[in-house]
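Each position in the sequence shown, counted from 1, maps to that position plus 368 in my numbering. Think of the CB as a built atom: it goes at the ideal place given N, C-alpha and C, for glycine as much as any other residue. Let me begin by presenting the structure, written as structure tokens, before commenting on it.
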Amino acid sequence: MHTANDNVADETIETVICMHLDILGHANHGVTELRIFDPFAQVAYADRADAVIGLCRQMDGKASGIYVGVQPRPVHLFDLAPNHWVPARGGAGGNCSRDEDVEYITAAFFDIDVTSPTRQEGHPASDDELAATLRVAQQMAGQDGLAGHSTVCCSGNGHYVLAPIAAVPVDGPDVAQKFTSLCRQLAAGIAGPLSGVRIDAVYNPSRVMRVIGTVNRKGKPLPNRPHRRACFVTEPAQDRSMTLHEMVRNTDVAQITTTPRELPTGLRCNLSKIEECEFIQWCRRRPQEVSEPAWFALISNLAYLQGGIDLIHEISARDTNRYDYADTERVIERMLREGYKPVRCATIMGPDMVRPGRGVFRCSQAARCPVRTPMYLAASHTVYTR
369 MHTANDNVAD
379 ETIETVICMH
389 LDILGHANHG
399 VTELRIFDPF
409 AQVAYADRAD
419 AVIGLCRQMD
429 GKASGIYVGV
439 QPRPVHLFDL
449 APNHWVPARG
459 GAGGNCSRDE
469 DVEYITAAFF
479 DIDVTSPTRQ
489 EGHPASDDEL
499 AATLRVAQQM
509 AGQDGLAGHS
519 TVCCSGNGHY
529 VLAPIAAVPV
539 DGPDVAQKFT
549 SLCRQLAAGI
559 AGPLSGVRID
569 AVYNPSRVMR
579 VIGTVNRKGK
589 PLPNRPHRRA
599 CFVTEPAQDR
609 SMTLHEMVRN
619 TDVAQITTTP
629 RELPTGLRCN
639 LSKIEECEFI
649 QWCRRRPQEV
659 SEPAWFALIS
669 NLAYLQGGID
679 LIHEISARDT
689 NRYDYADTER
699 VIERMLREGY
709 KPVRCATIMG
719 PDMVRPGRGV
729 FRCSQAARCP
739 VRTPMYLAAS
749 HTVYTR
């Protein structure tokens, strides 16, 4: 396993990144989106492999991680950040891709992560914890449809299973639903308890993953929990699976169960107004003091707004020890799926938000503020009563 300090030849890193891109299969189907979330959120679009390598070189070891869109992005997004990094802007008028932008499905991606208390405290995984995720990844790679067409990778703190698919055009609104449903069915096929291990349940089309070959600097390292370079564990699969292609096409959408959301997502708003909220400002200034309940409250007030999800990641990533892209996406998805309402100011300042070792938030404007929930600074409450 490569640690971050290993002397890995530049040529080897370039080769690994190119193999990763080959598995993703973006060529002829669009461009590649790259993202970083700290110290500042940035995005880039690349139209060739050498551009991806150059962009990764610029940021490798400087951010906690470099991420790549699993699915290709449409060519028209390229001009928003052509082969160079620019500040990321979320929302309808932003420069980051959204689920509805994706035109082709070219790979299936499964993220197996460690859930131990030490990992949750913000430290990298141990070798024993990685071994546990590897066992689950190997079992996942043997599933029908994945066997013979998948690659096991180490993310540095867990393992991935990545399978190239003969490109599936997203030519209807149900294709993304079918793909998501199939991925969940495959993940559900893992037998036995998963003690200390979790299979990520987020399979949306605009999902990103860590670039294989780059350093995972997430978390505060310890002697037996170092930062590591993401790498391939098994030989990279090259053949694109027609079996998975047909499985996506033939998944029964009628079997997909969804819970109606009480609030719509992507609400038109003035996102800059919510930056006036002292709670949002506090989360930005003191990320290490934000308790998990307070973080949940932050997400609940941003997730429904246009550009809010990207803002969630931007603020969350300020805590470099605890931030995890997949964990954050998982919480956002659950909140939207189950229709959670935004947490009110009174609750945010209440005793339920207090946790040992974390700060206590108090708002100096509580008595004078025109709203009682941070979200409504950016979006009128009347939106929800129509």
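- Cβ neighbours of residue 611 within its own chain (closer than 6 Å, five residues either side excluded): 513.
- The three-state reading of DSSP puts residue 447 in helix, counting H, G and I together.
- Residue state for residue 719 is assigned as helix, using DSSP reduced to three classes.
- Selection 416, 406, 410 and 409 evaluated against residue 398 yields 416 as nearest (Cα-Cα).
- Boundaries for residue 401: no alpha helix (DSSP H) harbours it, while the beta strand (DSSP E) harbouring it runs 400-404, taken from the DSSP string.
- Beta-carbon to beta-carbon, residue 411 and residue 438 are separated by about 15 Å, too far to satisfy the 8 Å threshold.
- Contact fails between the segment 730-738 and the segment 686-697, because fewer than three Cβ pairs, one in each stretch, are under 8 Å apart.
- The beta carbon of residue 432 sits closer than 6 Å to the beta carbons of 406, 585, 586 and 688 from its chain, once the five residues preceding and following it are set aside; these are given in chain order.
- The beta carbon of residue 592 sits closer than 6 Å to the beta carbons of 494 from its chain, once the five residues preceding and following it are set aside; these are given in chain order.
- The C-beta distance from residue 570 to residue 473 rounds to 15 Å, too long to meet the 8 Å contact threshold.
- With 16 or more other CB atoms across the displayed protein chains lying within 10 angstroms of its CB, residue 394 is buried.
- If you check the CB distance, residue 443 and residue 420 do not come in under 9 Å.
- Contact annotation: the segment 718-728 does not touch the segment 515-535, with fewer than three C-beta pairs closer than 8 Å.
- For residue 577, the enclosing beta strand (DSSP E) begins and ends at 576-578.
- For residue 584, DSSP records a beta bridge to 596.
- In terms of Cβ geometry, residue 742 and residue 599 do not form a close pair [threshold 9 Å].
- The C-alpha of residue 668 is placed about 7 Å away from the C-alpha of residue 709.
- Between residue 715 and residue 746, the C-beta gap is not smaller than 9 Å, which leaves the two residues out of contact.
- Judged by beta-carbon spacing, residue 385 lies within the 9 Å limit of residue 581, meaning their Cβ atoms are closer than that value.
- Remark: C-beta atoms of residue 391 and residue 480 do not approach each other more closely than 9 Å.
- Among the bridge pairs identified by DSSP, residue 609 is matched with 533.
- In the displayed model, residue 422 falls within a helix according to three-state DSSP.
- Around the beta-carbon of residue 602, fewer than 16 other beta-carbon atoms lie within 10 Å, marking it exposed.
- By the C-beta density criterion, residue 396 is exposed, having fewer than 16 other C-beta atoms within 10 angstroms.
- Residue 694 sits in a helix when the DSSP states are folded into three classes.
- Taken atom to atom, the span from the alpha-carbon of residue 740 to that of residue 533 is near 48 Å.
- Between residue 508 and residue 478, the C-beta gap is smaller than 9 Å, which places the two residues in contact.
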